[in-house]
Structure formats: C-alpha cells, structure tokens
Amino acid sequence: MSELWPARLRRRLLWASAAAVFVHIASPPARADQLRLDALVQEGDLILEEAATLAPADEQLAQEEQQLVASEKALRDEAQALNQSITQFNAAMTEYEQEVQTSQKRCASQADDKALEDACDARGVELREQVNLLEEERAQLRARQQDVNARVDKQNAWARDYGKRKGVQNSRDGLNQLDSEEWLGRAKQFLASTDFAALLGQAGSPPACSADQLNEIATLSARPALERAQACLKAVKEGSSR
Numbered sequence: 013m014s015e016l017w018p019a020r021l022r023r024r025l026l027w028a029s030a031a032a033v034f035v036h037i038a039s040p041p042a043r044a045d046q047l048r049l050d051a052l053v054q055e056g057d058l059i060l061e062e063a064a065t066l067a068p069a070d071e072q073l074a075q076e077e078q079q080l081v082a083s084e085k086a087l088r089d090e091a092q093a094l095n096q097s098i099t100q101f102n103a104a105m106t107e108y109e110q111e112v113q114t115s116q117k118r119c120a121s122q123a124d125d126k127a128l129e130d131a132c133d134a135r136g137v138e139l140r141e142q143v144n145l146l147e148e149e150r151a152q153l154r155a156r157q158q159d160v161n162a163r164v165d166k167q168n169a170w171a172r173d174y175g176k177r178k179g180v181q182n183s184r185d186g187l188n189q190l191d192s193e194e195w196l197g198r199a200k201q202f203l204a205s206t207d208f209a210a211l212l213g214q215a216g217s218p219p220a221c222s223a224d225q226l227n228e229i230a231t232l233s234a235r236p237a238l239e240r241a242q243a244c245l246k247a248v249k250e251g252s253s254r
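Quick note on numbering: my numbering labels position 118 of the sequence shown as 130, and the sequence is numbered without any gaps.
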C-alpha cells in the first residue's frame, strides 16, 4: 500500500458519504436505505483494510521500540561501568603520584646509606613498572571511551530515525482512528433507526445483530466496535439482498 493510501481512502469515503446523501434525496425510501447500508459496508471495509495494512508496521515499530530501549539500557550500563573504571583509575593515579613524592623525599637524603640506596632503587623499579601498567590501563580506557562514544552517536541516530518513522506511522494510525470514529457515529445512528429495523426484519434478524452484540458496541473501543457493527451490517446486507 502506497504512502498516499490514507488520502485516497478519505477521497473514497467522502465519495461514498456523498453518494449516501444523494440517494436519500433522489431515490425511493426503500432503495435509499439499501444504498445507505451498502455505502456504510463499503466504507467499513475500506477502513478495516487500511487498519490491516497498518498493523504490520505498528507491530514492527513496537518490536523496534523494545530493541531500542534494551540497547539504550545496555549502553547506559556500559557507560556507567566505564565511568566507574575511570574514577578508579584516577584514584590509582593519585595514589601513585603520592607514592612517587614519598619515595623522592625519602631517597633525597640517602647520602652514603647503601641499604637505603638499594631500597630506593628497588622502589624506583616498582614505581616504573606501576606507571607502565597505569599507562596501559589509560590507553585501554581511552579506547573504551571512544568505542562507547561512537555507539552513543549511533544510538542517538537510530533513536532520531525511529522517532521520525514512528511519527509518520502515528499520523496514519490517527487518521484511521478518526475515520473509524466518524464511521461508527453514522453506523450507530443507522443501526438505531426504524429504517434499519425494517432491513433487519427482511434479513431474518441474523445472530450478528442480536441485542447482546449491538449493545456491546457502546462499551468497545473504536476498532472492535467497528468490527462488531460491520459484521451486523454485512449480515443484514447479505440477508436483505436475497
């Protein structure tokens, strides 16, 4: 179904509504009621057909939203873990710098103390090994940070693209919802009319039009109510045209 389908649907619904008005003016009463019934059934089919066409995209977007939320949570958790690692690294660097300062003060006055000199040399080797490890960790953290930042950019681009597509789909769903509600208003009026009662009698009062079935229409949301009313109208159309 093309992107212009909602507009085409509205033009066809408008034509059908105009036809229903015309037949009330120009046709005999019995024929006008039958054509009014036919027009409502045709419009109902078009609305339900469009709803069925929209349903796969709605489901796909719902699934994608779950994936988007899960991906965002995983990325947020990873960013939080990275921040914690950076905090721990900074604390280790601060501790290292304090140890270097302490060692420098202690070894600055070693003079001719051979034992102190050996201890300072050994400590110097330990500190150099420690700083090498810290520099390796710094490089790893930078790589992790670059990777997380790149994935955040992709996540944001995905979210923006999803938002645009979701907005277009919501607009289409909204138009279909408005068409459903407008159709239901006219269908309820027709179902409550004496003209429909006559057609119902001609059709043999099909089960789809039982009092229980029709009374529940008022309690249902637009889509189920439309389907319920459409089932009755179709049953009457079929039965009254025999």
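Glycine residues also receive a C-beta, built at the ideal position from the N, C-alpha and C atoms.
Reference Arg-150; option with closest CA among Ala-69, Leu-49, Met-105, Glu-55: Locating residue 150 in the sequence shown gives position 138, where the first residue counts as 1. Looking at the Cα atoms, Met-105 is the closest of the given residues.
Using DSSP with H/G/I as helix, E/B as strand and the rest coil, what is Arg-140? Reading the sequence shown from its first residue, position 128 is the one you call residue 140. Here Arg-140 sits in helix by DSSP.
Leaving out the 5 sequence neighbours to the left and right, which residues in its chain are closer than 6 Å to Lys-249 when beta-carbon positions are compared? Translated into positions along the sequence shown, residue 249 becomes position 237. The residues Leu-49, Val-53, in chain order, have a CB closer than 6 Å to that of Lys-249 in the same chain once the five nearest residues on each side in sequence are set aside.
Short Cβ contact (8 Å threshold) for Leu-87 with Arg-156: Stepping through the sequence shown from its first residue, residue 87 is reached at position 75. Stepping through the sequence shown from its first residue, residue 156 is reached at position 144. Not a contact, by the Cβ cut-off of 8 Å.
For Pro-218, does the three-state DSSP call read helix, strand or coil? Numbered from 1 along the sequence shown, position 206 holds the residue referred to as residue 218. It is coil, neither helix nor strand.
Within 10 Å of its beta-carbon, does Gln-72 have 16 or more other beta-carbons around it, so buried, or fewer, so exposed? Counting from one through the sequence shown, the residue named residue 72 turns up at place 60. Flag for Gln-72 reads exposed.
C-alpha distance - Glu-76 paired with Glu-84, whole-angstrom precision: Within the sequence shown, residue 76 is the residue found at index 64, counting from 1. Within the sequence shown, residue 84 is the residue found at index 72, counting from 1. Looking at the two C-alpha atoms, the distance is approximately 12 Å.
Considering only residues of the same chain and omitting the five flanking positions on each side of Pro-218, which have a CB-CB separation below 7 Å? On the sequence shown, position 206 is the one that residue 218 refers to. Answer for Pro-218: Ala-247, Val-248, Gly-251, listed in chain order.
The stretch 171 to 183 touching the stretch 203 to 214, judged by at least three CB pairs closer than 8 Å: The stretch 171 to 183, when compared against the stretch 203 to 214, does not touch it at the 8 Å Cβ threshold.
To the nearest angstrom, report how far apart Lys-200 and Gln-79 are at their CA atoms. Translated into positions along the sequence shown, residue 200 becomes position 188. Translated into positions along the sequence shown, residue 79 becomes position 67. Spanning the two alpha carbons is a distance of roughly 41 Å.
Where are the alpha helix (DSSP H) runs, 4 residues long or more, that stay fully inside the stretch 140 to 227, in chain order? Here the runs fully enclosed are 206 to 214, 223 to 227.
How would you call Ala-237, buried or exposed, if buried means at least 16 neighbouring beta carbons within 10 angstroms? Start at 1 with the first residue of the sequence shown, and residue 237 comes out as number 225. When all chains shown are included, Ala-237 counts as buried.
Rounded to whole angstroms, what's the CA-CA distance from Glu-193 to Gln-167? Just pull it up for me. In the sequence shown, the residue the question calls residue 193 occupies position 181. In the sequence shown, the residue the question calls residue 167 occupies position 155. Glu-193 and Gln-167: Cα-Cα distance of roughly 37 Å.
Closest by C-alpha distance to Tyr-174, when choosing among Arg-235, Gly-56, Gly-136, Val-81: Position 162 of the sequence shown, counting from 1, holds the residue named residue 174. With respect to the C-alpha of Tyr-174, the residue from Arg-235, Gly-56, Gly-136, Val-81 having the closest C-alpha is Val-81.
Looking at the unbroken alpha helix (DSSP H) that takes in Ala-241, where does it start and where does it end? What you label residue 241 is simply residue 229 of the sequence shown in a count that begins at 1. 234 to 252 is the extent of the alpha helix (DSSP H) around Ala-241.
Straight-line gap, Leu-190 to Val-164 (C-alpha atoms, nearest Å): For this step, residue 190 is matched to residue 178 along the sequence shown. For this step, residue 164 is matched to residue 152 along the sequence shown. The straight-line gap separating the alpha-carbon atoms of Leu-190 and Val-164 is approximately 38 Å.
Buried or exposed for Glu-107, please, with buried defined as at least 16 other CB atoms from any protein chain shown within 10 angstroms of its CB. Reading the sequence shown from its first residue, position 95 is the one you call residue 107. Burial state of Glu-107 is exposed, judged by a 10 Å Cβ sphere holding fewer than 16 other Cβ atoms.
Leu-245 to Ser-222, Cα distance in whole Å? Indexing the sequence shown from 1 puts residue 245 at position 233. Indexing the sequence shown from 1 puts residue 222 at position 210. Looking at the two C-alpha atoms, the distance is approximately 12 Å.
What's the C-alpha gap between Ala-220 and Leu-60? To locate residue 220, count along the sequence shown from 1; it is residue 208. To locate residue 60, count along the sequence shown from 1; it is residue 48. Near 18 Å, if we compare the C-alpha coordinates of Leu-60 and Ala-220.
Coil, strand or helix - Asp-125 by DSSP: For the purposes of this step, residue 125 is taken as residue 113 along the sequence shown, with counting starting at 1. Note: Asp-125 maps to coil in three-state DSSP.
Find out if the Cβ-Cβ distance for the pair Gly-56, Gln-242 is shorter than 8 Å. Here residue 56 refers to the residue found at position 44 when the sequence shown is read from its first residue. Here residue 242 refers to the residue found at position 230 when the sequence shown is read from its first residue. With contacts defined as CB atoms closer than 8 Å, Gly-56 and Gln-242 qualify as a contacting pair.
Below 8 Å CB to CB, which residues in the same chain sit around Val-160 once its five sequence neighbours on both sides are set aside? In the sequence shown, counting from the first residue as 1, residue 160 sits at position 148. The beta carbon of Val-160 sits closer than 8 Å to the beta carbons of Leu-87, Glu-90, Ala-91, Leu-94 from its chain, once the five residues preceding and following it are set aside; these are given in chain order.
Is it buried or exposed for Asp-125, if we count other Cβ within 10 angstroms and need 16 for buried? Numbered from its first residue, the sequence shown carries residue 125 at position 113. Burial state of Asp-125 is exposed, judged by a 10 Å Cβ sphere holding fewer than 16 other Cβ atoms.
Considering only the beta carbon of each residue, do Leu-196 and Ala-234 sit closer than 8 Å? In the sequence shown, the residue the question calls residue 196 occupies position 184. In the sequence shown, the residue the question calls residue 234 occupies position 222. Yes. Within cutoff.
Sub-8 Å separation of Leu-153 and Ser-97 beta-carbons: Reading the sequence shown from its first residue, position 141 is the one you call residue 153. Reading the sequence shown from its first residue, position 85 is the one you call residue 97. Ser-97 sits close to Leu-153, with the two beta carbons spaced by under 8 Å.
Cβ of Ala-207 within 8 Å of Cβ of Asp-45? On the sequence shown, position 195 is the one that residue 207 refers to. On the sequence shown, position 33 is the one that residue 45 refers to. Before going further, note that residue 207 is Asp rather than Ala in the sequence given. Result yes, Cβ atoms of Asp-207 and Asp-45 sit closer than 8 Å.
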